[in-house]
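Student: Before anything else, here's the structure in question.
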Amino acid sequence: MDEATFLAWLEQHQGILHKICRLYRDRPEDRQDLFQEIVYQLWRSAPAYRGAAQPGTWIYRIALNTAMATFRRRRPDIRYTPTLPDQAADTGKDPVQRQQEALYAALRRLEEADRALIGLQLEGLSYREIATITGITENHVGVKLNRIRRKLQQLLHPEND
Amino acid sequence: MNLDNLQAAWNAAPASPLPADALRRMLRSGRHPLLRRIRRQALVEILGWTAFLSLYYTALDGDQKPLWCNLLLITALLGAIAHHALAFLSARQLVQGNDLSHSLLRYYRQLRTYAFLSLAARLLLMGSLLSFFTYGLSMEAHRRLALTAILLVFAGQLGLTARYWRQRLRRVKTQWEALQP
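Sequence lines, in order, name chains A and B.
Going by the working numbering, the first residue of the first sequence is number 1023, and it counts up by one from there.
Going by the working numbering, the first residue of the second sequence is number 580, and it counts up by one from there.
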């Protein structure tokens, strides 16, 4: 695959990369680093891509692999906000944006392997496709996803416990 | 939120797409954050050790020490440099299998070997420096005290490095295990 084809392809699918970066990193600078790492690993792996899998499936596999294998330096989580702590920080956000933030916050509290599975399901992949990407059986995918969805609901609606 | 809501929220995630130029720059290993850090660290160490090697034989009485002492030191320095090269190669290829589970397992095994070599290279370097600088010295009380302090610092460094590798290996292994039935 030549560079121009790869870049055109990447431009088309880069939304997947942004979602994975958001799923695995909570700081913008960590997301940028991970995005760059994924792009680099995709480029390194491109010669081995034979087109047997859908491009999106292949991108998911490499991106998740990179996100799970790379090591993030632990840093103290110090955030300086422009607003006072007693002011509601999300008053200007629309409901969809608030829902998204709640979803990603809950997803990032899951185990990293669980995030990969639920991310693939949210992307609309079948159990078979998820099994191919992760290397586990379809049955196991189903069992795990049931458990992960229950956990996610608990995280999103703790009042229902 | 039910699954449909979750899916809607997932798919509506805003992302500011990067232009092709920005993506093209990311393909170069020179722009890669981790590889750049490894390269910079390796360069500093190579320059430092090269300066040391060019001076040690005359300025630090290398010619007065036995052959084994010199060979041990040179081997240890080359080992430290080779260890950086290995880190660079290993960071370049994270994806090593046809599926996530397989790839994580292979990566874990590679990382374990690298961790072992990294610790061995550091231990060899510390041992060779100590034997070089203490060879032929008469061990008086103040020297013994200084040597003990140096040994403690070296042991502390080694302990911290081992802890770092243990944590990193455990993290990758935990993720691999989480995918197993």
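Using N, Cα and C, we set each Cβ at its ideal position, and we do this for glycine too.
Note that the structure is predicted; figures quoted are calculated from it, not measured.
I'd like to know if the segment 1130-1140 of chain A and the segment 656-665 of chain B are in contact, where contact means that at least 3 CB-CB pairs between them fall below 8 angstroms.
Tutor: no
Student: What number of angstroms, rounded off, separates the C-alpha of Q1122/A from the C-alpha of H611/B?
Tutor: 30 angstroms
Student: Is the beta carbon of L606/B less than 8 angstroms from the beta carbon of Y1062/A?
Tutor: Their beta carbons are under 8 angstroms apart, which means L606/B touches Y1062/A by this criterion.
Student: Who are the near neighbours of Q1109/A in its chain, counting only those whose CB is closer than 8 angstroms to its CB and skipping five residues on each side?
Tutor: Low per-residue confidence applies at Q1109/A: pLDDT is 46, beneath 50, and the placement is therefore not dependable, though the value from the model is reported in the following sentence. If we look at Q1109/A and ignore the five residues flanking it on each side, it has no Cβ neighbours.
Student: Under 9 angstroms between beta-carbons, which chain A residues line up against R747/B? List them in chain order, please.
Tutor: Those within 9 angstroms of R747/B in chain A are F1093.
Student: To the nearest angstrom, report how far apart T1027/A and Q672/B are at their CA atoms.
Tutor: Straight-line Cα distance between these residues: approximately 21 angstroms.
Student: Using Cβ-Cβ distances below 7 angstroms, what residues of the segment 1026-1048 of chain A are close to chain B?
Tutor: L1029, L1032, E1033, Q1036, G1037, H1040, K1041 and R1044
Student: Can you tell me which of the three DSSP states K644/B falls into?
Tutor: coil
Student: Measuring only between beta-carbons, confirm whether Y686/B sits less than 8 angstroms from chain A.
Tutor: Y686/B belongs to the set of residues whose beta carbon lies under 8 angstroms from a beta carbon in chain A.
Student: Which residues in the same chain as T1079/A place their Cβ atom closer than 8 angstroms to its Cβ, once the five residues preceding and following it in sequence are excluded?
Tutor: L1147, E1151, T1154 and I1155
Student: List, in chain order, every chain B residue whose beta-carbon is nearer than 7 angstroms to that of L1144/A.
Tutor: L585, Q586 and W589
Student: Rounded to the nearest angstrom, what separates I1140/A and R1083/A at their Cα positions?
Tutor: 14 angstroms
Student: For F667/B, which three-state DSSP category applies?
Tutor: helix
Student: Could you spell out where the alpha helix (DSSP H) holding F711/B opens and where it closes?
Tutor: L679 to T713
Student: Check whether the Cβ of S633/B lies closer than 8 angstroms to any Cβ atom in chain A.
Tutor: Not closer than 8 angstroms to any Cβ of chain A, the Cβ of S633/B fails to qualify, so no.
Student: From the beta carbon of A757/B, is the nearest beta carbon of chain A less than 8 angstroms away?
Tutor: yes
Student: In whole angstroms, give me the CA-to-CA distance for L622/B and P760/B.
Tutor: 45 angstroms
Student: Mind pulling the chain A residues with CB within less than 7 angstroms of R671/B?
Tutor: R1066
Student: State buried or exposed for Q1058/A, treating a residue as buried only when at least 16 other CB atoms are found within 10 Å of its CB.
Tutor: Around the beta carbon of Q1058/A, 16 or more other beta carbons sit within 10 angstroms, so the residue counts as buried.
Student: Beta carbons nearer than 7 angstroms to chain A: which residues of the segment 706-737 of chain B have them?
Tutor: Hits within the stretch: zero.
Student: Run the CB neighbour count on D642/B, radius 10 Å, all protein chains shown included, and call it buried at 16 or more, exposed below.
Tutor: exposed
Student: On a Cα-Cα basis, can you pick out the residue from R1066/A, L1039/A, I1042/A and H1035/A that is closest to D1024/A?
Tutor: R1066/A
Student: Here's the rule I'm using: 16 or more other beta-carbon atoms within 10 Å means buried, otherwise exposed. How should L1106/A be labelled?
Tutor: Its pLDDT being 49, under 50, L1106/A is placed unreliably by the model, and the measurement read from it follows with that caveat. That one is exposed.
Student: Against chain B, which members of the segment 1072-1089 of chain A pass a CB distance test of less than 7 angstroms?
Tutor: R1083, I1084, L1086, N1087 and T1088
Student: Which residues in chain A have a C-beta closer than 7 angstroms to the C-beta of L597/B? List them in chain order.
Tutor: Q1036
Student: Quick check on S680/B - is its C-beta less than 8 angstroms from some C-beta in chain A?
Tutor: yes
Student: Would you mind reading off the limits of the alpha helix (DSSP H) that contains P1077/A?
Tutor: P1077 to A1091
Student: Under 8 angstroms: do the segment 703-718 of chain B and the segment 637-656 of chain B share three or more Cβ pairs, one atom per stretch?
Tutor: yes
Student: Given 8 angstroms as the limit, is there contact between the segment 677-690 of chain B and the segment 749-757 of chain B, that is, 3 or more CB pairs closer than that?
Tutor: They touch, by the three-pair rule.
Student: Output the boundary residues of the alpha helix (DSSP H) element that contains T727/B.
Tutor: A720 to A757
Student: Can you tell me which of the three DSSP states Q1058/A falls into?
Tutor: helix
Student: Can you give me the start and stop residues for the alpha helix (DSSP H) that Q1143/A sits inside?
Tutor: E1134 to L1144
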